[in-house]
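Numbering (this note's numbering), first residue to last: -7 to 32.
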């Protein structure tokens, strides 16, 4: 199993955090050769 280190950004609001989480997950999936739809 692999872990994604998202860290916390000072002053970041909840919406921005989840947007960053989604982008990190999409990048990870692309690196694995999977499409974002595979995450659902």
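Every residue gets a Cβ at the ideal spot worked out from N, C-alpha and C, and that includes glycine.
Assignment of residue 5 by DSSP, reduced to helix, strand and coil, places it in the coil class. In chain order, 28 place their CB closer than 7 Å to the CB of residue 18, counting only its own chain and leaving out the 5 sequence neighbours on each side. If you check the CB distance, residue 16 and residue 0 do not come in under 8 Å. Judged by DSSP in its simplified three-state form, residue 23 adopts helix.
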